[in-house]
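Presented below is the structure to which this report refers.
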Amino acid sequence: MLRQANALLPIRAERPGLHEFTDEVRDFVAKSGINDGLLTLFCRHTSASLVIQENAAPAARRDLEAFFARVAPESGDYEHDDEGPDDMPAHLRSALTQTQLSIPVQHGKAVLGTWQGIFLFEHRRNTPEREIALHLIGE
Amino acid sequence: MLRQANALLPIRAERPGLHEFTDEVRDFVAKSGINDGLLTLFCRHTSASLVIQENAAPAARRDLEAFFARVAPESGDYEHDDEGPDDMPAHLRSALTQTQLSIPVQHGKAVLGTWQGIFLFEHRRNTPEREIALHLIGE
Amino acid sequence: MLRQANALLPIRAERPGLHEFTDEVRDFVAKSGINDGLLTLFCRHTSASLVIQENAAPAARRDLEAFFARVAPESGDYEHDDEGPDDMPAHLRSALTQTQLSIPVQHGKAVLGTWQGIFLFEHRRNTPEREIALHLIGE
Numbered sequence: 001m002l003r004q005a006n007a008l009l010p011i012r013a014e015r016p017g018l019h020e021f022t023d024e025v026r027d028f029v030a031k032s033g034i035n036d037g038l039l040t041l042f043c044r045h046t047s048a049s050l051v052i053q054e055n056a057a058p059a060a061r062r063d064l065e066a067f068f069a070r071v072a073p074e075s076g077d078y079e080h081d082d083e084g085p086d087d088m089p090a091h092l093r094s095a096l097t098q099t100q101l102s103i104p105v106q107h108g109k110a111v112l113g114t115w116q117g118i119f120l121f122e123h124r125r126n127t128p129e130r131e132i133a134l135h136l137i138g139e
Numbered sequence: 140m141l142r143q144a145n146a147l148l149p150i151r152a153e154r155p156g157l158h159e160f161t162d163e164v165r166d167f168v169a170k171s172g173i174n175d176g177l178l179t180l181f182c183r184h185t186s187a188s189l190v191i192q193e194n195a196a197p198a199a200r201r202d203l204e205a206f207f208a209r210v211a212p213e214s215g216d217y218e219h220d221d222e223g224p225d226d227m228p229a230h231l232r233s234a235l236t237q238t239q240l241s242i243p244v245q246h247g248k249a250v251l252g253t254w255q256g257i258f259l260f261e262h263r264r265n266t267p268e269r270e271i272a273l274h275l276i277g278e
Numbered sequence: 279m280l281r282q283a284n285a286l287l288p289i290r291a292e293r294p295g296l297h298e299f300t301d302e303v304r305d306f307v308a309k310s311g312i313n314d315g316l317l318t319l320f321c322r323h324t325s326a327s328l329v330i331q332e333n334a335a336p337a338a339r340r341d342l343e344a345f346f347a348r349v350a351p352e353s354g355d356y357e358h359d360d361e362g363p364d365d366m367p368a369h370l371r372s373a374l375t376q377t378q379l380s381i382p383v384q385h386g387k388a389v390l391g392t393w394q395g396i397f398l399f400e401h402r403r404n405t406p407e408r409e410i411a412l413h414l415i416g417e
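Chains as they are written, first to last, in the working numbering: chain A, 1 to 139; chain B, 140 to 278; chain C, 279 to 417.
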C-alpha cells in the first residue's frame, strides 16, 4: 500500500561550505517505515544548495569549495549586493548546484553509492539556520 | 487515495533570461485537488532550462544572466553553430542549470521558501515557445 | 492502481565524455507496464553524472565535453589527487551537472522533447562500469 511521509529538517552549518547530513536523511527514511519508494530533498533557500559528493576525502571537499569560490567569486562586480559581498555569489553557486535531489529507496535505504554523501552547501558567511523539506513516497 | 495529475504548460519568455512562472505552477497544483504529494517540472528542451531563484530582486536576476553569459559566452569557439552564435552557449547554460525540478507539496502548495520563485531560463534570442511538462502525484 | 518498478542499470562508456542511454531507459519503462507516472534516474557515483542534451549533433556533444574540460581542467591545482589528474575534475564536473533526473511518463513513454537524449557523463579516463538506479512510480 503506497503512502507518503514528510518532514522539515532544520540544519545549521558550522561554517560556509559542504556540511554532510546523510545520517539525518537515513534516520528520516528509517522512521518512516517505508521500505521501497522515492525520497526527495528540497532546499528552501536560494543562497544554500544541495550536492551529493565524495564522503570520504576532506581534501575533495576543500577543492570543491575552492572551485566554486573561484568560479563565482566574492570579488565579482555584482549589481545585487544588499546583503554584503557573499550575497550574489551565494545565488550563483546555488544555481550551479542543486536545489533538489531525489533518490530511490530500496530495503529501507536510499540507494546511495559507497562513496556518496548528501551535503548542504552553505554559501553564506553568517550560516543561518536552513530548512530542508523531506518527502518520501512508497510502501 | 494516491493519484496523479499531468499538464503541458506552454511558456514564451518575452526575452532571453529568467522568466518567472511560479503562478502558473501554483494554479496547476490548486486545480489538481491534490493536497500532499510531489510536484515535478520537466523542461522539454536543451536550449532552455529551469532554476529556482530569488523572486524579489531584479538586480539578482540581471547578475545571474550576466554570470552565465560570461561563463558560457557567445564569443566562444564552438564547433556546433548551425543555428547561430547563441546555439551552443544555450546548451552549455542548460547543462549547468536544471532540466527538471521536483518540489514536495503540502496543504495544497509547493513548499517553496519565502524568497524562492520558479523560473524558465531562456537561452535563445528568438525565444521560441517552450513546453514544461508538469506532474503531480499525491492525495 | 499505483505501483513501482526498480532496476539497476550497469553502463560502461567506451571513453570519457557523453554516452547516450536513452534506449535502455525506454526499454525499462516499456517492460515495467506502467503507462503514466514518474521516472527517476540516479547515478551512484561522484565522478560520473547525468545530463539531458541534444541527441542529434555530435558536434554539440564535443563542444560540451570541451567546455567542461576547460571549466574544471585536469591542470588545476587540486589538493585531492590520490587517483590521478582526472580525479578531482571528475568530482567538479559531476557537481556542475546532475546526479539525478526525474522525467514524467505518459502513454508508456518518458515525455522527452524531440531533441532530448539521456546521457551518462563519464568523467574518468579508465571508464569503470557505472550503476544507474532506475525507479518508476505510476499506473
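Glycine is no exception: its CB is placed at the ideal position from the N, C-alpha and C atoms.
Between which two residues does the beta strand (DSSP E) carrying residue i extend?
i: serine 135 of chain B; result: Because chain B in this structure spans residues 140 to 278, residue 135 of chain B falls outside the shown range and cannot be described.
i: leucine 134 of chain A; result: 130–138
i: asparagine 6 of chain A; result: 3–11
i: threonine 179 of chain B; result: 176–182
Quick check: the Cα distance between residue i and residue j, rounded to an integer number of angstroms?
i: alanine 208 of chain B; j: tryptophan 115 of chain A; result: 34 Å
i: asparagine 194 of chain B; j: glycine 362 of chain C; result: 42 Å
i: glutamate 261 of chain B; j: arginine 26 of chain A; result: 37 Å
i: valine 105 of chain A; j: arginine 408 of chain C; result: 18 Å
i: leucine 231 of chain B; j: isoleucine 11 of chain A; result: 32 Å
i: valine 389 of chain C; j: proline 267 of chain B; result: 19 Å
i: glutamate 292 of chain C; j: cysteine 321 of chain C; result: 17 Å
i: histidine 246 of chain B; j: isoleucine 137 of chain A; result: 16 Å
i: serine 32 of chain A; j: alanine 338 of chain C; result: 44 Å
i: histidine 184 of chain B; j: aspartate 82 of chain A; result: 34 Å
i: alanine 211 of chain B; j: alanine 30 of chain A; result: 42 Å
i: phenylalanine 397 of chain C; j: proline 58 of chain A; result: 29 Å
i: leucine 96 of chain A; j: lysine 387 of chain C; result: 29 Å
i: tyrosine 356 of chain C; j: glutamate 163 of chain B; result: 44 Å
i: glycine 215 of chain B; j: serine 325 of chain C; result: 26 Å
i: leucine 201 of chain B; j: arginine 340 of chain C; result: Looking at the sequence itself, residue 201 of chain B is arginine, so the reference to leucine does not match. Spanning the two alpha carbons is a distance of roughly 30 Å.
What residue range is occupied by the uninterrupted alpha helix (DSSP H) comprising residue i?
i: leucine 64 of chain A; result: 58–71
i: arginine 304 of chain C; result: 300–310
By Cβ distance, which residues of its chain are closer than 8 Å to residue i, with the 5 residues on each side in sequence left out?
i: glutamate 139 of chain A; result: Met1, Leu2, Arg3, Ile34, Asn35, Asp36, Gly37
i: histidine 219 of chain B; result: Asp226, Met227, His230
For residue i, which residues of its own chain have a beta-carbon under 7 Å away from its beta-carbon, when the five flanking residues on both sides are left out?
i: asparagine 145 of chain B; result: Leu273, His274
i: leucine 203 of chain B; result: Leu157, Gln192
i: glutamine 376 of chain C; result: Ser327, Leu328, Val329
i: leucine 286 of chain C; result: Glu409, Ala411
i: glutamate 352 of chain C; result: Pro363, Asp364, Pro367
i: isoleucine 381 of chain C; result: Leu317, Ala388, Val389, Leu390
i: phenylalanine 205 of chain B; result: Before going on, a small fix: residue 205 of chain B reads as alanine here, not phenylalanine. Around alanine 205 of chain B: no qualifying Cβ.
i: serine 94 of chain A; result: Thr46, Ser47, Ala48, Ser49, His123
Please decide whether residue i counts as near chain D, where near means a Cβ-Cβ distance under 8 Å.
i: arginine 340 of chain C; result: Although the question refers to chain D, the structure presented lacks it and instead comprises the protein chains A, B and C.
Keeping to the same chain, check which residues put their C-beta closer than 6 Å to that of residue i; ignore five residues upstream and five downstream.
i: leucine 240 of chain B; result: Leu180, Leu189
i: glycine 395 of chain C; result: Glu298, Thr300, Asn333
i: proline 16 of chain A; result: Glu122, Arg125
i: phenylalanine 306 of chain C; result: Ala285, Leu412
key: Residues of the region 349–382 of chain C with Cβ closer than 7 Å to any Cβ of chain B, in chain order   = Leu374, Thr375, Leu379, Ser380, Ile381, Pro382
Ordered list of beta strand (DSSP E) runs contained in the region 88–124 of chain A, each at least 3 residues = 100–106, 116–122
key: Interface positions of the region 25–43 of chain A facing chain C (Cβ-Cβ less than 8 Å), listed along the chain   = Asp36, Gly37, Leu38
Residues of the region 118–138 of chain A with Cβ closer than 9 Å to any Cβ of chain C, in chain order = Phe121, Ile137, Gly138
Where the region 285–299 of chain C meets chain B: residues whose CB sits under 9 Å from a CB there = none
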